[in-house]
Amino acid sequence: MKMKFLLAAFLVVSALSLGLMANASSGDKDAAKDSSSSAVSAEQKAQNESMRIEGEKRFRSNCGRCHAAPPKFPPRMMATIVRHMRVRATITDQDMRLILRYMTE
Amino acid sequence: MMCRLIQWPRKVAQAGLLGLFILISLTVHAQDDEFNVDGFKAVPILTGSTAYFTRVTAGQYQDAPTVSPLLLLPMGDKWLVEAKGSYGDTFSKNAQGDYNGTISYGMAYGQIDYIANRYMTFVAGRFTTPFNIYGERLAPNWIRALQPNPLTSPVTSGSGLGGMIRGGFSGTDSLNVTYAAYFSANNTHHLLATDRSTGGRLGFFLPRQRLEVGASFQQVLQADRPHSSGLFMEWQPNRAPLTVRSEYARSSGLKGSAYWIESVYRLSQIPSLRRLELVGRGEQFFAAANISAATVKKLGALGKDTNEGDFGMNYYLRSDVRASASYGRQFVLGRDANLWTVGMTYRFIMPMLPQGGAQ
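Protein sequences, first through last, are from chains A and B.
Here numbering that gives the first Met the number 0 is used: the first residue of the first sequence is 0, the next is one more, and so on.
Here numbering that gives the first Met the number 0 is used: the first residue of the second sequence is 0, the next is one more, and so on.
Right, here's the structure in full:
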C-alpha cells in the first residue's frame with residue numbers, strides 16, 4: 000500500500016516537473032545564432048582551435064573508454080548518435096557539446 | 000532486529016524519493032536553452048551489429064550468427080525513441096552428429112527519452128538496468144573485448160520496465176558526476192520478463208586521470224526481496240594505450256557474488272600491429288552460502304564456485320569490422336572446461352531518411 004503511494008507520488012512529481020520544464024523559455028538561442036554568423040576573427044580562430052582540441056580530448060576520454068573510435072559521420076547523423084550516447088553513457092552536457100562540435104568539423 | 004530488516008527496503012525507497020525531490024527541485028531551474036547545438040537537426044538512424052561466432056565449450060561446438068538492430072528516432076530537440084532487438088540462431092551438433100538450430104530473439108530495450116535539461120533525462124519503457132557498467136555500455140558484441148559474458152552478469156536482473164532518471168554534470172573541471180535511479184514493475188511476459196525492483200548507480204569520472212569509479216544498488220521488491228550492490232572502475236592511463244576495467248557484484252539472495260578484472264592493450268605503438276588489441280580477464284564467482292543440493296541443481300551455473308581466466312585478441316579490419324578470437328579456462332568443482340571463441344562482428348549504421356546526412 001505504501002509502495003503504491005510512493006509510486007503515485009513519484010509519477011505526480013515527474014509530471015509536474017515535465018510541465019514546468021516544457022513551459023520554460025529558451026533565452027539565449029538568438030544570441031548563439033548571432034555569434035555564429037559574425038565574422039571570424041583571428042581570436043575566434045584560436046578559440047575554435049582550442050575547442051577542437053578540447054573536443055578531441057573529451058571524445059577520447061568519453062567514447063574511447065568503451066569502444067574503438069568510429070569515423071566521423073554527417074552532422075545530422077552525429078546529432079542523433081551523440082544524443083543516444085548522452086543517455087546511454089551519461090555523458091555530461093558540456094562534454095556532449097564539445098564532442099559534437101569536434102565530430103562535425 | 001527482524002523488524003528493522005523488514006523496514007529497511009521502505010527506508011531505502013523513502014530516501015530515494017527524497018533524493019528525487021531534491022534533484023528535481025535543483026534542476027528545474029536549470030533549463031536547457033540551447034540544446035540544438037550548431038543547428039544540426041537529428042535524423043532517424045538504424046544502427047546495430049551483426050556477428051558470427053564459433054564457440055567450443057567443453058568440447059561442444061556451436062555456431063551462432065546474430066543480428067542486433069537498434070532504431071534511434073529523434074523527435075524535436077529533446078526526445079529520443081530507442082528500440083533495440085536481437086535475433087540469433089545457435090547451431091550445435093546433436094548425438095547423431097547432425098546440426099540443429101535454436102532460434103532466440105528478444106527486445107533488449109525499447110524506451111523513450113526526454114532530455115529535460117542539462118543535468119537530467121527522463122526515461123520510460125523497457126530499459127537496461129543501470130547496474131555497474133557492463134550491461135549498459137560494454138555488452139554489445141562489437142564493443143565487448145571478450146565475447147564470453149563475465150561471471151557478474153547473472154548476479155543482477157538485466158532489464159527493467161518502468162521509469163528512470165539519469166544524467167551527469169561537471170562537479171569541477173576535473174570531476175564529472177553521473178547518476179541513474181529507476182523503478183521497475185513486475186512483468187511476466189516470457190520475452191520481456193522483469194522484476195519489480197528499484198535501484199540506481201552513482202559514478203565519478205576524473206577526465207584528467209581518465210579514471211571512472213562508481214557504485215550501484217538494486218532492491219528487488221518481490222518474492223524473497225533480495226538486494227544487490229556493486230562497484231566498478233575503469234581506467235585508461237594517459238601514457239599507454241591500455242584500458243583496465245573491473246566490476247564487483249554481490250546479491251543477498253541465492254545468486255552469490257562475483258568480480259572480474261579485464262585489461263585491453265592496443266598495440267598502437269607498433270605500426271604493423273596498430274589494429275590489434277590484446278585482452279586478458281580474470282574472474283571469480285562465489286555461490287551463495289548454505290544452499291541445499293536441490294537449490295544448487297536448480298541454480299545451475301550459479302550454484303557452484305567458479306574461477307575463470309580468459310585471453311583474447313581483436314583485430315580491427317576497419318573501424319566497424321572486427322575479427323576476434325579468445326581462449327578461456329573455467330575451473331568449476333568436478334567440471335573444468337576450455338572455452339574457445341572465434342568470429343567476426345560488423346557494426347552498421349545508416350540514416351532512415353533520404354539525404355539523412357545533408358545539412
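No residue lacks a Cβ here, since even glycine has one placed at the ideal position from N, Cα and C.
Owing to the predicted nature of the structure, the values given are computational and were not obtained by experimental measurement.
- Message: Taking beta-carbon pairs under 7 angstroms, can you tell me which members of the region 127-159 of chain B lie near chain A?
- Response: Of all residues in the region 127-159 of chain B, the ones placed with a Cβ closer than 7 angstroms to any Cβ belonging to chain A are Glu135, Arg136, Leu137, Ile142, in chain order.
- Cβ neighbours of aspartate 319 of chain B in the same chain (closer than 6 angstroms, five flanking residues each side left out): For the purposes of this step, residue 319 of chain B is taken as residue 320 along the second sequence, with counting starting at 1. The residues Arg346, in chain order, have a CB closer than 6 angstroms to that of aspartate 319 of chain B in the same chain once the five nearest residues on each side in sequence are set aside.
- Should isoleucine 98 of chain A go down as buried or exposed, given a rule of 16 or more other Cβ atoms within 10 Å for buried? Numbered from its first residue, the first sequence carries residue 98 of chain A at position 99. With 16 or more Cβ atoms within 10 Å of its Cβ, isoleucine 98 of chain A is classed as buried.
- Using alpha carbons as the reference points, say which of B/Ser227, B/Leu210, B/Gly255 lies closest to asparagine 237 of chain B. To locate residue 237 of chain B, count along the second sequence from 1; it is residue 238. If you compare the alpha carbons of B/Ser227, B/Leu210, B/Gly255 with that of asparagine 237 of chain B, the shortest gap goes to B/Leu210.
- Rounded to a whole number of angstroms, what is the C-alpha to C-alpha distance between methionine 163 of chain B and proline 147 of chain B? On the second sequence, residue 163 of chain B is found 164 positions in, with the first residue counted as 1. On the second sequence, residue 147 of chain B is found 148 positions in, with the first residue counted as 1. The alpha-carbon of methionine 163 of chain B is positioned some 29 angstroms away from that of proline 147 of chain B.
- Task: Determine the chain A residues that contact valine 243 of chain B at a beta-carbon separation under 9 angstroms, and present them in chain order.
- Result: The sequence position of residue 243 of chain B within the second sequence is 244, counting from 1. Listed by position along chain A, the residues whose Cβ is nearer than 9 angstroms to that of valine 243 of chain B form an empty set, because the closest Cβ is around 11 angstroms away.
- Message: For the ligand HEM, is there any heavy atom lying closer than 7 angstroms to the beta carbon of histidine 226 of chain B?
- Response: This structure simply doesn't include the ligand HEM, nor any ligand for that matter.
- With DSSP as the reference, please indicate the residues paired to glutamine 283 of chain B in a beta bridge. Locating residue 283 of chain B in the second sequence gives position 284, where the first residue counts as 1. BP columns for glutamine 283 of chain B point to B/Tyr258, B/Asn306.
- Task: Check each residue of the region 53-66 of chain A: if its Cβ is closer than 9 angstroms to any Cβ of chain B, include it; give the result in chain order.
- Result: So the close ones are Lys56, Arg57, Arg59, Ser60, Asn61, Gly63, Arg64, Cys65, His66.
- Query: For alanine 88 of chain A and chain B, any beta-carbon pair shorter than 8 angstroms?
  - Reply: Start at 1 with the first residue of the first sequence, and residue 88 of chain A comes out as number 89. Yes, alanine 88 of chain A counts as interfacial toward chain B.
- Query: Who are the near neighbours of isoleucine 260 of chain B in its chain, counting only those whose CB is closer than 8 angstroms to its CB and skipping five residues on each side?
  - Reply: The residue given as residue 260 of chain B occupies position 261 in the second sequence. For isoleucine 260 of chain B, same chain residues with a beta-carbon under 8 angstroms away, outside a window of 5 residues either side, are Val243, Arg244, Ser245, Arg280, Gly281, Glu282 in chain order.
- Just the chain A side, please: which residues come within less than 7 angstroms of alanine 179 of chain B by C-beta, in chain order? Taking the first residue of the second sequence as 1, we reach residue 179 of chain B at position 180. Correct list: Thr89.
- Item | Entirely enclosed alpha helix (DSSP H) segments - the region 156-188 of chain B, minimum 4 residues | Entirely contained in the region 156-188 of chain B, not one alpha helix (DSSP H) run reaches 4 residues.
- Helix, strand or coil at phenylalanine 58 of chain A [DSSP, three-state]: Along the first sequence, one-based indexing puts residue 58 of chain A at 59. In the structure shown, phenylalanine 58 of chain A sits in a helix (DSSP, three-state: H, G or I).
- Item | Between the CA atoms of tyrosine 314 of chain B and leucine 81 of chain A - distance to the nearest angstrom | To locate residue 81 of chain A, count along the first sequence from 1; it is residue 82. To locate residue 314 of chain B, count along the second sequence from 1; it is residue 315. In the sequence under discussion, the amino acid at residue 81 of chain A is valine, which differs from the leucine named in the question. Straight-line spacing of the CA atoms in valine 81 of chain A and tyrosine 314 of chain B works out to 26 angstroms.
- Item | Spatial distance of glycine 327 of chain B from glutamate 307 of chain B (CA atoms) | Looking up residue 327 of chain B in the second sequence gives position 328. Looking up residue 307 of chain B in the second sequence gives position 308. Rounded to whole angstroms, the separation of the alpha carbons of glutamate 307 of chain B and glycine 327 of chain B is 7 angstroms.
- Query: Is it buried or exposed for methionine 95 of chain A, if we count other Cβ within 10 angstroms and need 16 for buried?
  - Reply: As a first step, residue 95 of chain A must be located in the first sequence, where it is residue number 96. Around the beta carbon of methionine 95 of chain A, 16 or more other beta carbons lie within 10 angstroms, which makes this residue buried.
- In chain A, which residues lie with their C-beta within 7 angstroms of the C-beta of phenylalanine 168 of chain B? As a working note, residue 168 of chain B is residue 169 in the second sequence. Within 7 angstroms Cβ-Cβ: Thr91.
- Buried or exposed by the 16-neighbour rule on C-beta atoms within 10 Å, applied to proline 129 of chain B: As a working mapping, residue 129 of chain B is identified with position 130 in the second sequence. Sixteen is the threshold: when 16 or more other Cβ atoms of the shown chains lie within 10 Å of the Cβ of proline 129 of chain B, as they do, the residue is buried.
- Pull up the distance between the alpha-carbon of glycine 124 of chain B and that of lysine 83 of chain B, whole angstroms please. Here residue 124 of chain B refers to the residue found at position 125 of the second sequence. Here residue 83 of chain B refers to the residue found at position 84 of the second sequence. CA-to-CA, the gap between glycine 124 of chain B and lysine 83 of chain B works out to about 12 angstroms.
- Query: Alpha carbon to alpha carbon, what distance is there between glycine 311 of chain B and glycine 266 of chain B?
  - Reply: Here residue 266 of chain B corresponds to residue number 267 of the second sequence, with the count starting at 1. Here residue 311 of chain B corresponds to residue number 312 of the second sequence, with the count starting at 1. The sequence shown places leucine at residue 266 of chain B, not glycine. When the Cα atoms are used, leucine 266 of chain B and glycine 311 of chain B turn out to be separated by approximately 14 angstroms.
- Query: Buried or exposed: which applies to asparagine 22 of chain A, given that a residue is buried once 16 or more other Cβ atoms fall within 10 Å of its Cβ?
  - Reply: Within the first sequence, the letter at position 23 stands for residue 22 of chain A. For asparagine 22 of chain A, the pLDDT reaches just 42, beneath the cut-off of 50, and the residue's location in the model is therefore unreliable, although a value from the coordinates is still provided. Exposed is the call here.
- Message: Would glycine 105 of chain B and leucine 190 of chain B qualify as a contact pair, given that the criterion is a beta-carbon distance under 8 angstroms?
- Response: Locating residue 105 of chain B in the second sequence gives position 106, where the first residue counts as 1. Locating residue 190 of chain B in the second sequence gives position 191, where the first residue counts as 1. Yes, the pair counts as a contact, with Cβ atoms nearer than the cut-off.
- Take every Cβ of the region 137-146 of chain B, pair it with every Cβ of the region 37-50 of chain B, and state whether three or more of those distances are shorter than 8 angstroms. Yes, they touch.
- Task: Return no unless some Cβ of chain B is closer than 8 angstroms to the Cβ of alanine 45 of chain A.
- Result: Working through the first sequence from its first residue, we reach residue 45 of chain A at position 46. Nearest CB-CB separation between alanine 45 of chain A and chain B: not below the 8 angstroms threshold.
- Among B/Lys296, B/Phe330, B/Arg273, B/Gly166, the one whose alpha carbon lies nearest that of phenylalanine 284 of chain B: Residue mapping note: residue 284 of chain B aligns to position 285 of the second sequence, counting from 1. The residue with the shortest Cα to Cα distance from phenylalanine 284 of chain B is B/Phe330.
- Message: Less than 7 angstroms between C-beta atoms, sequence neighbours within five positions excluded: which residues of the same chain meet that for threonine 120 of chain B?
- Response: Numbered from its first residue, the second sequence carries residue 120 of chain B at position 121. Around threonine 120 of chain B: Asp112, Tyr113, Ile114, Arg165, Gly166.
- Residues near alanine 322 of chain B by beta carbon distance below 6 angstroms, same chain, minus five either side: Position 323 of the second sequence, counted from the first residue, corresponds to residue 322 of chain B. So the qualifying residues of the chain are Tyr314, Met343.
- Message: Could you tell me the alpha carbon to alpha carbon distance between alanine 288 of chain B and aspartate 194 of chain B, rounded to whole angstroms?
- Response: If you number the second sequence from 1, residue 288 of chain B lands on position 289. If you number the second sequence from 1, residue 194 of chain B lands on position 195. C-alpha separation (whole angstroms): 23 angstroms.
- Task: Throw me the rounded Cβ distance for the leucine 69 of chain B and valine 80 of chain B pair, which I believe falls under 8 angstroms.
- Result: In the second sequence, counting from the first residue as 1, residue 69 of chain B sits at position 70. In the second sequence, counting from the first residue as 1, residue 80 of chain B sits at position 81. Their Cβ separation, rounded to whole angstroms, is 11 angstroms, which puts leucine 69 of chain B and valine 80 of chain B out of contact at 8 angstroms.
- Cβ-Cβ distance between glycine 199 of chain B and alanine 180 of chain B below 8 angstroms: Position 200 of the second sequence, counting from 1, holds the residue named residue 199 of chain B. Position 181 of the second sequence, counting from 1, holds the residue named residue 180 of chain B. Taking 8 angstroms as the Cβ cut-off, glycine 199 of chain B and alanine 180 of chain B qualify as a contacting pair.
- Return the CA-CA distance between glycine 63 of chain A and serine 67 of chain B, expressed in angstroms with no decimal places. By one-based count along the first sequence, residue 63 of chain A stands at place 64. By one-based count along the second sequence, residue 67 of chain B stands at place 68. Each residue's CA atom was taken as its position, placing glycine 63 of chain A and serine 67 of chain B some 22 angstroms apart.
- Message: At a CB distance below 8 angstroms, what residues from the region 104-126 of chain B approach chain A? Give them in sequence order.
- Response: Within the region 104-126 of chain B, the residues whose Cβ lies closer than 8 angstroms to some Cβ of chain A are Asp112, Tyr113, Ile114, Ala115, Asn116, Arg117, Tyr118, Thr120, Phe121, Val122, listed in chain order.
- Query: Can you find a CB in chain B that lies within less than 8 angstroms of the CB of arginine 82 of chain A?
  - Reply: By one-based count along the first sequence, residue 82 of chain A stands at place 83. It does; some Cβ of chain B falls within 8 angstroms.
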